[in-house]
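The structure appears below as structure tokens.
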Amino acid sequence: MSLITVLILFPLVVSIVTFLVRKENIRSAIVRVGAVGTAVLTVYTAIQYFNSGLILSIGETEMIDLFIIVVEVGLAAYIITTGIRTKKYLVSLFSLFQTCLILWFEFTQKAGIEVETGIVFDKLSGVMVLVVGVIGSLICLYAVGYMKAYHDHHTEVKERKSFFLAVLFLFLSAMFGLVLCNNLMWIYFCWEITTFCSYLLIGYTQTKEARNNSLLALTINVGGGVAFACAIVMIGMNFRTLELSTLISMKPEALVLIPVFLLCVAALTKSAQLPFSAWLLGAMVAPTPSSALLHSATMVKAGVYLIIRLAPLLGATSVGRIITLVGAITFLACSLMAIAQRDAKKVLAYSTIANLGLIVMCASIGTQESIWAAILLVIFHAVSKSLLFLSVGSIEHQIGNRNIENMNILMNVSRKLSIYLMIGIAGMFLAPFGMLISKWVAMKSFIDSNNIIIVIILAYGSAATLFYWGKWIGTLVSNGSGKNNGHHGVFSLDEELPIFLQAVIVVFSCLAFPLISKFAIVPYLSDVFGGTAMAPIGTGNQIIMVIMMAMLILLPLGYIPLSKKEKSRVTPIYMAGENAGDNENFIAATGVKRKSDLSNWYLEGYFGGKIFTFWSNMITISILCVGVLLLIWRWAL
Amino acid sequence: MMLAIQIILIVVLTPLVGGLLAGFDRIISARVQGRKGPPLLQPFYDVLKLLQKENIQVNKTYKFYVYVSLLFIILTAVIMLIGGDILLAIFVLTLGAIFFVFGGYASQSPYSIIGAERELLQMMAYEPMVLITAAGLYMVSKTFFIGEIIARDVPAIVYLPAVFIGFVYILTFKLRKSPFDLSLGHHAHQELVQGISTEYSGTELAVIEITHWYETIISLVFVYIFFVTSNPISHVFAIIACIVVYLFEIILDNSTVRVKWQLALKSAWIVTGVLSIMNLMILSFFKF
Numbered sequence: 000m001s002l003i004t005v006l007i008l009f010p011l012v013v014s015i016v017t018f019l020v021r022k023e024n025i026r027s028a029i030v031r032v033g034a035v036g037t038a039v040l041t042v043y044t045a046i047q048y049f050n051s052g053l054i055l056s057i058g059e060t061e062m063i064d065l066f067i068i069v070v071e072v073g074l075a076a077y078i079i080t081t082g083i084r085t086k087k088y089l090v091s092l093f094s095l096f097q098t099c100l101i102l103w104f105e106f107t108q109k110a111g112i113e114v115e116t117g118i119v120f121d122k123l124s125g126v127m128v129l130v131v132g133v134i135g136s137l138i139c140l141y142a143v144g145y146m147k148a149y150h151d152h153h154t155e156v157k158e159r160k161s162f163f164l165a166v167l168f169l170f171l172s173a174m175f176g177l178v179l180c181n182n183l184m185w186i187y188f189c190w191e192i193t194t195f196c197s198y199l200l201i202g203y204t205q206t207k208e209a210r211n212n213s214l215l216a217l218t219i220n221v222g223g224g225v226a227f228a229c230a231i232v233m234i235g236m237n238f239r240t241l242e243l244s245t246l247i248s249m250k251p252e253a254l255v256l257i258p259v260f261l262l263c264v265a266a267l268t269k270s271a272q273l274p275f276s277a278w279l280l281g282a283m284v285a286p287t288p289s290s291a292l293l294h295s296a297t298m299v300k301a302g303v304y305l306i307i308r309l310a311p312l313l314g315a316t317s318v319g320r321i322i323t324l325v326g327a328i329t330f331l332a333c334s335l336m337a338i339a340q341r342d343a344k345k346v347l348a349y350s351t352i353a354n355l356g357l358i359v360m361c362a363s364i365g366t367q368e369s370i371w372a373a374i375l376l377v378i379f380h381a382v383s384k385s386l387l388f389l390s391v392g393s394i395e396h397q398i399g400n401r402n403i404e405n406m407n408i409l410m411n412v413s414r415k416l417s418i419y420l421m422i423g424i425a426g427m428f429l430a431p432f433g434m435l436i437s438k439w440v441a442m443k444s445f446i447d448s449n450n451i452i453i454v455i456i457l458a459y460g461s462a463a464t465l466f467y468w469g470k471w472i473g474t475l476v477s478n479g480s481g482k483n484n485g486h487h488g489v490f491s492l493d494e495e496l497p498i499f500l501q502a503v504i505v506v507f508s509c510l511a512f513p514l515i516s517k518f519a520i521v522p523y524l525s526d527v528f529g530g531t532a533m534a535p536i537g538t539g540n541q542i543i544m545v546i547m548m549a550m551l552i553l554l555p556l557g558y559i560p561l562s563k564k565e566k567s568r569v570t571p572i573y574m575a576g577e578n579a580g581d582n583e584n585f586i587a588a589t590g591v592k593r594k595s596d597l598s599n600w601y602l603e604g605y606f607g608g609k610i611f612t613f614w615s616n617m618i619t620i621s622i623l624c625v626g627v628l629l630l631i632w633r634w635a636l
Numbered sequence: 000m001m002l003a004i005q006i007i008l009i010v011v012l013t014p015l016v017g018g019l020l021a022g023f024d025r026i027i028s029a030r031v032q033g034r035k036g037p038p039l040l041q042p043f044y045d046v047l048k049l050l051q052k053e054n055i056q057v058n059k060t061y062k063f064y065v066y067v068s069l070l071f072i073i074l075t076a077v078i079m080l081i082g083g084d085i086l087l088a089i090f091v092l093t094l095g096a097i098f099f100v101f102g103g104y105a106s107q108s109p110y111s112i113i114g115a116e117r118e119l120l121q122m123m124a125y126e127p128m129v130l131i132t133a134a135g136l137y138m139v140s141k142t143f144f145i146g147e148i149i150a151r152d153v154p155a156i157v158y159l160p161a162v163f164i165g166f167v168y169i170l171t172f173k174l175r176k177s178p179f180d181l182s183l184g185h186h187a188h189q190e191l192v193q194g195i196s197t198e199y200s201g202t203e204l205a206v207i208e209i210t211h212w213y214e215t216i217i218s219l220v221f222v223y224i225f226f227v228t229s230n231p232i233s234h235v236f237a238i239i240a241c242i243v244v245y246l247f248e249i250i251l252d253n254s255t256v257r258v259k260w261q262l263a264l265k266s267a268w269i270v271t272g273v274l275s276i277m278n279l280m281i282l283s284f285f286k287f
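This is how it looks when you write it as structure tokens:
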């Protein structure tokens, strides 16, 4: 059995064992061992194959194919009955259609199509495996501590920790399969498993809202699965192949572009791009570890991974243009909508969708530089976003809610958590952190490929990003008084260790980005495009960025007062001469003491509300329709 | 070695020129208002006086941010003036500006926090145009390095007139001039007291003033880049252009009142969008 197979199967085994063990202590131990094991295995596999890569052909696939068919049919039966039971007939219809299509294809058309290479481990899969394995297992580790605290706080939710933790590991296993497989049928299978896992995780609390949102997620993603299944059938019947690598090496002609468009639509649903983004926003109802997993290491990254893979076929083709536009509108609209949110998890969700939009834009432009930026964005987004989600999860337990306005007391409640959170936020938008490096290159590549509108959209979106992250950090440093409602949870080591490690990874990955570029991304691009690729950022600038990073790390030392002797007088803050003694109250009109109360700007009149969402959805839907028309037109010619 | 000397000169001379400009600004403003105005070196006297003041603070942390802000603004000036990457300079400039905002938040004072929020809003208003300016310059010269952008035969202004106008429009934010001085007026407007800087005194106020001198020069360097070519005489034109733009901003400052934030944001975004789309589209049509 090869290492790759072990990597895919290990989380699966952990998942099954976790599900079966009901004793809390033993299960926690198993999860910890499983998480550490997955991480170690991931790193080991990456080291083993990173340089030379690996192309694996699996001889006897009949058994695997049969197993896949059986699981798929079982899954379909479950989804169809669920749909009928909950009167969501659309999901049943989608599921029925795609399963019949795949079964028909499997038994009548597939004979004679040989799949030479079942598994490919190249630099891109290497990067993805590392993201999924390392970030994912840290989230699983965190889940142990978090779920304990969660059930202490939420006594109304039925305790199903075994189930929850088991699904997390199943998810990781499916993601490994998804990024490593080259056989489209297998990718499709893993794709459906991740859809199903996300459905289970979102519905965990079993409240009405959670059930509705999980069904919405299922409907949208199974809908994406329909597009995926159609694409497979078209590729199989037209070209007699089922290999992703073969598809990518084809010429972008009309007959190829139609299935590529369908695959992109599937990817857009999975990556929650407009107009399919509603499910990811609804996914917030789930406990935090599952949101973290969905937003950083798994689910949404599956979609952009597929688009990055298909990037060489997109570029200047009509499909590429359409997907770029959808990504751009998503980036702009969601960056603006994030301004109007007070709920920390919602801000994170909108920013995830916006950043995925950016990745989709970069990938679908399809030049070397832009794909460079896209891959780097995937890495940096995964590390920063997962840190942010985990921090917000713990903060919710500490201060009792996750409203950004209330986080001004966080410095007093837990200084560590606010610093972790700040590192995460800085990672999302400040120079010299990673996301910004990627945006820089994105900008360059958009101009090089002559996409003026996209350049302008990027400029506006970045400005909006600056605003909402800026006001969040501002609230954190504004350090209000610590007199809160006394709602202090325990910040256990189970929660803190993964958060700490992720903060370290965020900082480290920013320092090491020239190395990531040199050893992973540039070789991958040289491979795909032939010839030698170049890192789009010059060495001089890379050095300046690293120096800045070092400066930022050292800066907190400035907090330490150098000389105690220095005389400084502490005065009350300015209240227009009407101080009431402390720094919180002032003497109001009739001599009454009033508390000064400030709130951030959310510009809800502009970017909040349903109308903005409606119009952004309308625009993206019309763009996709234009895409369909263009393809039909080209095909007909 | 040459580079080190160059950097030291930039760090020392930039605020001196910036301070002189501020003095010039005050004289012109006074003349516009029918007053005589202070001597040219008044800003320097002010800063020296501030440095001697007693150290007063409202809490332990907020002063720290002002120094960080200055540090990154100096870095921006250095990157720009040694001909470095313009996008990198913009990002570092943003970093400096945002640390200043954090300082406002950290003081916990209502007036400061309102000022800080307004500053953030202003950043959101002007940031697209700054990025698009860099993009436009890249389109005409195929490089982000200022040293290479200005080594061309034709000045960028010929290709980017609309982008230039857009940039001058948002320059008003950057120079903290009316009608867009929402976060920190240099005149004692009553509505905001002094915005972000309400709680700063003594040394830190001096640092804020010096930071602003750097920022003024950085802003004018953008204007400068539009006019300079490989021909040495073009530097004279560029300096004249900077002086004209600065004079224009002073007159504008004295002839307008502060607008509401809604108008500031909307107008900045609309002007940016219309002018830059127009300009860049035409440019890309002719395939640069």
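Residue numbers (numbering that gives the first Met the number 0), protein chains in the order written: chain A, 0 to 636; chain B, 0 to 287. Yeah, the Cβ is synthetic: ideal placement off N, Cα and C, and Gly gets one too.
D342(A) has N402(A) as its beta-bridge partners, per DSSP.
For V299(A), there is no enclosing beta strand (DSSP E); the enclosing alpha helix (DSSP H) covers residues 298 to 313. Here V16(B) has I216 as same chain residues with Cβ atoms under 7 Å from its own Cβ, once five neighbours each way along the sequence are excluded. For the 9 Å CB-CB criterion, V20(A) and L100(A) do not form a contact.
At a beta-carbon threshold of 7 Å, the residues of chain B lying near I446(A) are A134, Y137, M138, ordered along the chain. For F585(A), the enclosing beta strand (DSSP E) begins and ends at 584 to 586. Listed in chain order, the non-local C-beta contacts of R151(B) below 8 Å within the same chain comprise V139, S140, T228, S229, local neighbours out to five positions each way being set aside. At a cut-off of 9 Å, the C-beta of F225(B) has no neighbouring C-beta in chain A.
Between V65(B) and Y199(B), the C-beta spacing is below 9 Å. Chain-ordered, the chain B residues with CB closer than 8 Å to the CB of F466(A) read L119, L120, M122, M123.
L53(A) has F120(A) as its beta-bridge partners, per DSSP. Taking the C-beta atoms as reference points, I520(A) is found no nearer than 9 Å to L357(A). No Cβ of chain B is located within less than 9 Å of the beta carbon of P513(A). In this model, S290(A) and M283(A) are separated by some 6 Å (Cα to Cα). Counting other Cβ atoms within 10 Å of its Cβ, V235(B) stays below 16 and is therefore classed as exposed.
Within its own chain, the residues whose Cβ lies closer than 7 Å to the Cβ of P14(B), once the five positions on either side in sequence are excluded, are I209, W212, Y213, listed in chain order. Shown here, Q272(A) sits in coil according to DSSP, grouped into three states, outside any helix or strand.
Using beta-carbon distances, S615(A) does not count as an interface residue toward chain B, since no partner is under 9 Å. Taking the C-beta atoms as reference points, L53(A) is found nearer than 9 Å to I118(A). H152(A) sits exposed, since fewer than 16 C-beta atoms from the chains shown fall within 10 Å of its C-beta. Non-local C-beta neighbours of M548(A) in its own chain, meaning closer than 7 Å and more than five positions away in sequence, comprise P431, C509, L510, ordered along the chain.
For the 9 Å CB-CB criterion, A265(A) and L215(A) do not form a contact.
As a beta-bridge residue in DSSP terms, I55(B) pairs with R568(A).
Your pair M79(B) and V244(B) does not check out as a contact, with CB atoms roughly 16 Å apart and the cut at 8 Å.
Runs of the alpha helix (DSSP H) spanning 4 or more residues and lying entirely within the stretch 196 to 276 of chain B occur at 201 to 226, 233 to 254, in chain order. For K592(A), the enclosing beta strand (DSSP E) has its first and last residue at 592 to 594. The DSSP assignment places 145 to 148, 160 to 173 as complete runs of the alpha helix (DSSP H) inside the stretch 137 to 190 of chain B, in order along the chain (cut-off: 4 residues).
Taking 9 Å as the threshold, the shortest C-beta distance from W371(A) to chain B does not fall below it. Using a 10 angstroms sphere on the CB of M146(A), the tally of other CB atoms reaches 16 or more, which defines it as buried. By the C-beta criterion, the stretch 154 to 162 of chain A is judged not to be in contact with the stretch 78 to 98 of chain A, since fewer than 3 inter-stretch pairs fall below 8 Å. Positions of the alpha helix (DSSP H) runs, each at least 4 residues long and wholly inside the stretch 214 to 259 of chain A, are given as 243 to 247 in order along the chain. Judged by beta-carbon spacing, A462(A) lies within the 9 Å limit of M122(B), meaning their Cβ atoms are closer than that value.
At the C-beta level, A458(A) and A134(B) come within 9 Å of one another. When the beta-carbon positions are compared, G135(A) and T4(A) stay at least 9 Å from each other. Here the stretch 391 to 400 of chain A does not lie against the stretch 359 to 366 of chain A, with fewer than 3 beta-carbon pairs under 8 Å apart. If you ignore the 5 residues before and after G102(B), its C-beta comes within less than 6 Å of the C-beta of Y61, Y64, V65, all in its own chain and listed in chain order.
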